[in-house]
Structures are given as C-alpha cells and as structure tokens.
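Protein chains in written order, with my numbering: chain A, 2 to 113; chain B, 554 to 667. The beta carbon of each residue, even a glycine, is placed where N, CA and C say it ideally should be. As the structure is a computational prediction, the values presented were derived from the model and not from experiment. Each remark here refers to the structure printed beneath this line.
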C-alpha cells in the first residue's frame, strides 16, 4: 500500500536559518503530494501541494518540488521565523484510494 | 466563507460507551473524510463519504461507522469504546474527492476514554 516517510524530529533551528524537512513516498499510480502544518491544539492546514512530476508547490516562503525519479517531496524554507514552529506533515493522495496517506510528522522548533 | 466545522471540540467518555462526532464541510464541498490522529502520530484514514455513501474505508473495525446527510454534513459513530480510541478525530472535506482537490481539515474533536 501507499506510504510516506518523513525525517524524524524535532528539528530545532535558530530564526533566519534554512529549513529542509525530507519526505519520500511510495504509491501505486501517480499521487498528488501535499504538505500540511498543524499548530498546537488545531487541525491541519494545507501549506502547499503538487499534482504531477516536476511541479513546485509554494506558499508563505515554503517550497517543495515533486521529484518522481527520487519519489521525494522535500519541504524547504530559506529563512524560518519563530511563528513557523509547528508540526509538519507530508501526505500523498491517489484518487483510486480516495484517501490521504500521512507521514508521522516532523516537529519544528524555531528559537530567537 | 465558513471552513470545516466539527463538534464537539472535546469529549470524555468511558469504556464501552458510544459516541457521535459531527462535521460540516466547507461551503461548496461534497465529500467528507474522517481521520484518527493518535498523540504524536500522523492522521490515519477511517473512511470517506460521497453522495451519502461510504466510498472507501481504511483499516478500522466495524465499531466505527458513519453517515452523510443530503446537505453533505457527516457523522462519525464509534461503539463499544476502548481506551485505544482516545485520539483527535479530524474531519476533512473536498470537492468530489478527486486527487487534485486538496482536503480541508477542521480543528478536530479530541476524544478521551477513561
């Protein structure tokens, strides 16, 4: 079945540091890929998406590129802020399965 | 434009009881999916409803059941509650469940079983 693997957290960075959170997937067919963010006590918010190979999703300074050859969708941000502290989930979706498959999440802590 | 709304926000039950959680999808969405998120884990797919029918189901026992109403809102029912059912239950809505339409999530219902 489909699966998503994310790097273990927590990731602790100083403000303005560069962020990378690795994500790889296995899927039957050609999934759409997503990054969601979860702040404490809240549900998941869609951060960005990519629906086909070589697509780049971007939002609020975050970017991720759909790499079919490496089955990856790594999240990057050039300069993190304290307000970016949250848990980040990578997810894949295939229409035939009608479901999102999530990674286990990566907690990001940004300090001053 | 209201997003996905869930009720209640918190719930405490005891083992063996039954619970009903409710979800109203984002305006314009017709598909509702339910997920269970245990502490420190990613959400796990329970099932998806479209046109008032269960379209797809994850690896959850029959104690978990659901319903979708003509106005697209949905309920999740869990019978014979176990301690392991303690989790955040998330509802997500989308348009027609197609892969290019992202799912939008509510803030969840936190269920605690004593």
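Contact set between residue i and chain A, taken where Cβ atoms lie within less than 8 Å
i                      : result
residue 619 of chain B : Within chain A, no residue comes near residue 619 of chain B; the closest Cβ sits about 14 Å away, beyond 8 Å.
residue 578 of chain B : Ordered by position in chain A, no residue passes the 8 Å Cβ test against residue 578 of chain B, which lies about 13 Å from the chain.
Neighbouring residues, chain A, relative to residue i (Cβ below 9 Å)
i                      : result
residue 563 of chain B : Chain A residues near residue 563 of chain B: none, gap ~10 Å exceeds 9 Å.
residue 586 of chain B : 99, 100 and 101
Delimiting residues of the beta strand (DSSP E) encompassing residue i
i                      : result
residue 573 of chain B : 572 to 577
residue 598 of chain B : 597 to 603
residue 589 of chain B : 584 to 590
residue 567 of chain B : Taken as a continuous stretch (DSSP letters only), residue 567 of chain B belongs to no beta strand (DSSP E), as it is neither H nor E.
residue 654 of chain B : Neither: residue 654 of chain B is in no beta strand (DSSP E) and is coded neither H nor E.
residue 610 of chain B : 606 to 610
residue 557 of chain B : From DSSP, residue 557 of chain B is part of no beta strand (DSSP E); its letter is neither H nor E.
residue 648 of chain B : Per DSSP, residue 648 of chain B belongs to no beta strand (DSSP E) and is neither H nor E.
Beta-bridge pairing of residue i - partner residues as DSSP gives them
i                      : result
residue 93 of chain A  : A:34 and A:102
residue 639 of chain B : DSSP lists no partner for residue 639 of chain B.
residue 621 of chain B : B:627
residue 110 of chain A : A:13
residue 664 of chain B : B:564 and B:640
residue 83 of chain A  : Beta-bridge pairing links residue 83 of chain A to no other residue.
Under 7 Å from the C-beta of residue i: neighbouring residues of chain B
i                     : result
residue 44 of chain A : 643, 658, 659, 660 and 661
residue 74 of chain A : What residue 74 of chain A touches in chain B: nothing, since even the nearest Cβ is about 14 Å away.
Contacts of residue i in chain B (Cβ-Cβ under 8 Å)
i                     : result
residue 50 of chain A : 655
Within chain B, the residues that residue i reaches when beta carbons sit closer than 9 Å
i                      : result
residue 47 of chain A  : 655, 656, 657 and 658
residue 105 of chain A : 593, 594 and 595
residue 35 of chain A  : 655 and 656
Would you list, in chain order, the members of the stretch 86 to 100 of chain A that have their beta-carbon closer than 7 Å to a beta-carbon of chain B? 90, 94, 95, 96, 98, 99 and 100
Short of 7 Å Cβ to Cβ, which residues in the stretch 593 to 612 of chain B face chain A? Cβ contacts with chain A come from 594, 595, 596, 598, 601, 608, 609 and 611.
Can you list the beta strand (DSSP E) stretches of 3 or more residues lying completely in the stretch 3 to 81 of chain A, in chain order? 4 to 7, 12 to 15, 20 to 22, 24 to 27, 33 to 39, 45 to 51, 57 to 60, 63 to 66 and 76 to 78
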